[in-house]
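> Have a look at this one.
Numbering (our numbering), first residue to last: 69 to 255.
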């Protein structure tokens with residue numbers, strides 16, 4: 069058996085090496101995934117892989133599947149019954165690591181538009197209905213939005229209990245949340 073020698077065609081000179089980039093770290097890849105899912109609806113892993121590739125991050129389906137699992141991403145159907153999209157709980161990162169200075173209200177408006185089915189109020193309480201399995205994501209967005217009138221939330225499977233600071237502020241808070249979501253069902 070003869071050994072083959074490397075000719076010019078397989079030699080990588082300095083000009084070729086300069087164009088080679090290292091794969092991003094797992095943390096950087098996770099941050100890109102969270103950013104992409106946060107800015108646009110993503111319906112499949114294939115679509116997400118294409119969007120990542122457009123950003124210069126090439127991943128295998130197996131790696132992408134593991135990343136989504138580690139981030140806690142799940143596919144949820146929006147309240148309007150449209151096709152399911154990926155969501156990441158609490159957007160997968162603390163507020164300080166997100167792109168804009170205060171994305172809380174924008175994220176909340178998007179989550180409300182996607183997930184809020186109805187709202188009912190009584191005294192300082194608001195009960196929000198979501199599609200099955202989506203209450204946690206809406207409660208998380210409410211908690212992170214930094215609304216001054218909101219004391220806290222409790223999430224079940226398809227229901228979020230929102231507690232207003234004002235003893236009679238439930239109706240006003242429900243109206244504000246409905247206005248942000250463009251859903252008109254308030255009782």
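From the three backbone atoms N, C-alpha and C, an ideal C-beta is built for every residue, glycine too.
#1: Which of the three DSSP states is assigned to residue 227 in this structure?
#2: By the DSSP assignment, the beta strand (DSSP E) with residue 188 in it spans what residues?
#3: Between the beta-carbon of residue 194 and the beta-carbon of residue 230, is there less than 8 Å?
#4: Alpha carbon to alpha carbon, how far is residue 103 from residue 151?
#5: Provide the residue span of the beta strand (DSSP E) that contains residue 144, from first to last.
#6: Who are the near neighbours of residue 238 in its chain, counting only those whose CB is closer than 7 Å to its CB and skipping five residues on each side?
#7: Considering residue 118, what are the terminal residues of the alpha helix (DSSP H) in which it resides?
#8: When burial is assigned at 16 or more other CB atoms within 10 Å of the CB, is residue 134 buried or exposed?
#9: Could you work out which residue in 100, 99 and 244 is closest to residue 176 when comparing CA atoms only?
#10: For residue 233, report the span of its beta strand (DSSP E) as first-last.
#11: Would you call residue 168 buried or exposed, if buried means 16 or more other Cβ atoms sit within 10 Å of its Cβ?
#12: Measure from the alpha carbon of residue 200 to the alpha carbon of each residue in 101, 139 and 149, then state which is nearest.
#13: Rounded C-beta distance between residue 139 and residue 116? I'm assuming under 8 Å.
#14: Alpha carbon to alpha carbon, how far is residue 179 from residue 100?
#15: I need the boundaries of the alpha helix (DSSP H) containing residue 102, first residue and last residue.
#16: Please state the DSSP three-state secondary structure of residue 240.
#17: Output needed for residue 240: all residues of its chain with C-beta closer than 8 Å, excluding positions within five of it in sequence on either side, in chain order.
The answer reads as follows:
#1: Three-state result, residue 227: strand.
#2: Note, residue 188: beta strand (DSSP E), 186 to 190.
#3: Yes.
#4: Going by C-alpha positions, residue 103 is about 20 Å away from residue 151.
#5: Where residue 144 is concerned, the enclosing beta strand (DSSP E) stretches over 142 to 144.
#6: The beta carbon of residue 238 sits closer than 7 Å to the beta carbons of 189, 190, 191, 192, 193, 194 and 232 from its chain, once the five residues preceding and following it are set aside; these are given in chain order.
#7: 113 to 122 is the extent of the alpha helix (DSSP H) around residue 118.
#8: Residue burial annotation: residue 134 is exposed, with fewer than 16 other C-beta atoms found within 10 angstroms of its C-beta.
#9: The residue with the shortest Cα to Cα distance from residue 176 is 244.
#10: Run containing residue 233: none; DSSP gives neither H nor E here.
#11: Residue placement at residue 168 is poorly supported in this model, since its pLDDT is 43, which falls under 50; the coordinates still yield a value, given next. Using a 10 angstroms sphere on the CB of residue 168, the tally of other CB atoms stays under 16, which defines it as exposed.
#12: Considering only 101, 139 and 149, the residue with the shortest C-alpha distance to residue 200 is 149.
#13: Not a contact, Cβ separation roughly 11 Å.
#14: Each residue's alpha carbon lies about 20 Å from the other.
#15: Its alpha helix (DSSP H) spans residues 94 to 107.
#16: DSSP places residue 240 in helix when its eight states are reduced to three.
#17: Around residue 240: 217, 232 and 234.
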